[in-house]
Amino acid sequence: MSQDKHNDLLQVRDLRVTFRIDKKNTFEAVKAISFDVPRNATVALVGESGSGKSVSSLAVMGLLPEDTTIIDPASRILFGGRDLLKMGKAARRDICGKDIAMIFQEPMSSLNPVFTVGFQIAEVLRQHMGMDAKQARARTLALLDEVGIPDPATKIDAYPSMMSGGQQQRVMIAMAIACEPKLLIADEPTTALDVTIQKQIMELIAKLQKKHQMSVLFITHDLGLVGEIADHVIVMRHGDVRETGATGAVFSDPRDAYTKALLHCRPSLEQRPWRLPVINDYISGAAAPGVEVRQRSRGYVDGEDNVLVVKNLCKSFYLREGLFGKREFQAVKDVSFNLPRGKTLGVVGESGSGKTTVGLTLLRLHQATGGTALFEGKDLIAMPAKEYLPYKRRIQIIFQNPYASLNPRFTVGQILLEPMRIHKIGATDKERTEKAYWLLEKVGLPAQAFQRYPHEFSGGQRQRIAIARCLTMQPEILVCDESVSALDVSVQAQVLNLLQDLQDEFGMSYIFISHDLSVVKYMADQVMVMHKGQVVEMANSDELYRNPVHPYTKTLLSAIPRGVPA
Numbered sequence: 046m047s048q049d050k051h052n053d054l055l056q057v058r059d060l061r062v063t064f065r066i067d068k069k070n071t072f073e074a075v076k077a078i079s080f081d082v083p084r085n086a087t088v089a090l091v092g093e094s095g096s097g098k099s100v101s102s103l104a105v106m107g108l109l110p111e112d113t114t115i116i117d118p119a120s121r122i123l124f125g126g127r128d129l130l131k132m133g134k135a136a137r138r139d140i141c142g143k144d145i146a147m148i149f150q151e152p153m154s155s156l157n158p159v160f161t162v163g164f165q166i167a168e169v170l171r172q173h174m175g176m177d178a179k180q181a182r183a184r185t186l187a188l189l190d191e192v193g194i195p196d197p198a199t200k201i202d203a204y205p206s207m208m209s210g211g212q213q214q215r216v217m218i219a220m221a222i223a224c225e226p227k228l229l230i231a232d233e234p235t236t237a238l239d240v241t242i243q244k245q246i247m248e249l250i251a252k253l254q255k256k257h258q259m260s261v262l263f264i265t266h267d268l269g270l271v272g273e274i275a276d277h278v279i280v281m282r283h284g285d286v287r288e289t290g291a292t293g294a295v296f297s298d299p300r301d302a303y304t305k306a307l308l309h310c311r312p313s314l315e316q317r318p319w320r321l322p323v324i325n326d327y328i329s330g331a332a333a334p335g336v337e338v339r340q341r342s343r344g345y346v347d348g349e350d351n352v353l354v355v356k357n358l359c360k361s362f363y364l365r366e367g368l369f370g371k372r373e374f375q376a377v378k379d380v381s382f383n384l385p386r387g388k389t390l391g392v393v394g395e396s397g398s399g400k401t402t403v404g405l406t407l408l409r410l411h412q413a414t415g416g417t418a419l420f421e422g423k424d425l426i427a428m429p430a431k432e433y434l435p436y437k438r439r440i441q442i443i444f445q446n447p448y449a450s451l452n453p454r455f456t457v458g459q460i461l462l463e464p465m466r467i468h469k470i471g472a473t474d475k476e477r478t479e480k481a482y483w484l485l486e487k488v489g490l491p492a493q494a495f496q497r498y499p500h501e502f503s504g505g506q507r508q509r510i511a512i513a514r515c516l517t518m519q520p521e522i523l524v525c526d527e528s529v530s531a532l533d534v535s536v537q538a539q540v541l542n543l544l545q546d547l548q549d550e551f552g553m554s555y556i557f558i559s560h561d562l563s564v565v566k567y568m569a570d571q572v573m574v575m576h577k578g579q580v581v582e583m584a585n586s587d588e589l590y591r592n593p594v595h596p597y598t599k600t601l602l603s604a605i606p607r608g609v610p611a
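Every number in this note's numbering is 45 more than the matching position in the sequence shown, counting from 1.
So, in structure tokens, the structure goes:
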């Protein structure tokens, strides 16, 4: 908490937010918390999903749904000394559009797809600054240039769908700083972005904060990012503030067990423990920082039995050009690698590098345009569909988004039983049901989950269900496509431990696709770096991280957030 009240731009006092679930039940999401955001400073609000951090920021912005939200009358949100909760709607709208601005987590759902980005930025300027169309367009061009959008004169008339994720997020930042706000709230602005784009966005926010003398409230679940941008840290869990302080003090001497857990659950570049610690290990006292733990060695060795040998894999997409023409786009160009039994190949690269296309092509979800993929001497690429059918169950994939990959109309039991029935695994439904219960136990879910639907589970639990579904097929190769990228650090640690346990027990081989290089270092025996559809470097993980050769690999590694305060 800040000592100089005159220096605090935002003061939150005894904020208590409750949601109505139905006529009888309520849920207290934020429990009488207090914190300050000083002028010209960056404060990080850190915690896992469900901690109340985003609810707190939406309460500041006045964006919580009125019909289901109860804010305690004793709560106060003071901005420049004025209580936002006591203001009328019009006065608050003026402040929250002009003096307080917000960047949301997912730019594609925040930007209107039917309007150009220029129109959407100009609308803010016309609404809050009273500019005419000509003035607004000139200011919009300047803003696009300031946030680093290439060729602003062209991009101003582009639609959001015509821009990359990083460019969309830059547009959101341009919109947020258009009126030169005093407070910028950034809610998980880099969660779904590649490590290099993430670094660019973080540097951009820091540069704009200094240039415009803004205060920034930065919301994240990743303490690795916090050390590089924040002056102060507020740690939240289950609606409570667990710890506050200057970033350096919190990082060097965390007082709360939960803060210690957040700092140490994320995979480290320096160590590779046999198992990653999880939040409960620290809360219960079973784990402690600095205690010597068993390390896991990684790497391919000569003479291993290769379960998959890929040579010169190619995949092209054809784009229509004009009335009758078409243009070839080579998404994957001559990719070759070996995958030994029981080992993990990490595949890294930015969005558009071709890493996911490699995985989908191996599973024949895309049709390859060249190359071979030998599985036990048989070419998966060339074999007829009927001959490939038995191999389908032996190579499975865990998709990035468990919300989209599980059928919402099926119970978990139906999700697990359906593939076993199709592939005739198990002699009877009773035998299949017994196996489904065994798999739920194996992935750490209770037996009651069998009767429940996907929407009744958290993101981490849904990913466990997706893993259990893959295991019904008794696969020998599992393609993990960004399967932990959207999870909180503690849930991520649980899923990574689960994948490692399964590999140890069943000897499965993984193709682990990710843009999170810390996670890849922890999981992979060998790492394949892809750029623009090509493999630019491949080596055992320890060697690649210690001595990268290609400039692109060096760029990726330099962008990893180290979590060390500047």
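A virtual CB, placed ideally from N, CA and C, is assigned to each residue, including glycine. Note that the coordinates shown come from a computational prediction; the quantities given were computed from them, not determined experimentally.
Residue pairing for Cys-359: DSSP places it in a beta bridge opposite Gly-415. Fewer than three Cβ pairs drawn from the segment 224-243 and the segment 491-511 lie within less than 8 Å of each other, which leaves the two stretches out of contact.
Counting C-beta atoms within 10 angstroms of its own C-beta, Thr-199 has fewer than 16 neighbours from the protein chains shown and is therefore classed as exposed. Between Ala-119 and Val-62, the CB-CB gap reaches or exceeds 8 Å. Residue range 71-83 is occupied by the beta strand (DSSP E) that includes Ala-74. Taking C-beta atoms under 8 Å as the contact rule, Arg-121 and Asp-67 fail to qualify, at a distance of about 29 Å. DSSP links Glu-582 through a beta bridge to Val-574.
With a beta-carbon spacing of about 5 Å, Ile-148 and Pro-234 fall inside the 8 Å limit used to define contacts. Per DSSP, Gln-493 lies in no alpha helix (DSSP H) segment and is marked neither H nor E. For the segment 507-576, the continuous alpha helix (DSSP H) assignments of 4+ residues that do not extend past its boundaries occur at 534-551, 562-568, in sequence order. Note that the segment 380-398 touches the segment 544-560; at least 3 beta-carbon pairs, one per stretch, sit closer than 8 Å. Residues of the same chain with their beta carbon placed closer than 6 Å to that of Arg-409 are lacking, with the five preceding and five following residues left out of the count.
Below 8 Å, enough C-beta pairs join the segment 279-290 and the segment 78-90 to call them touching: three or more. Going by C-alpha positions, Gln-539 is about 41 Å away from Phe-160.
Under the three-state reduction of DSSP output, Val-88 falls in the strand class. DSSP places Thr-292 outside any beta strand (DSSP E); the residue lies instead in the alpha helix (DSSP H), whose first and last residues are 292-297.
The Cβ-Cβ distance between Pro-606 and Gly-269 falls below 8 Å. Residue pairing of Phe-420 in beta bridges, as defined by DSSP: Leu-353, Lys-423. In the displayed model, Ala-376 falls within a strand according to three-state DSSP.
Here Glu-288 carries a strand assignment [DSSP, helix/strand/coil].
Within the DSSP bridge table, the entry for Met-147 names Ile-230 as partners. Residue environment for Ala-584: buried (at least 16 other C-beta atoms within 10 angstroms of its C-beta).
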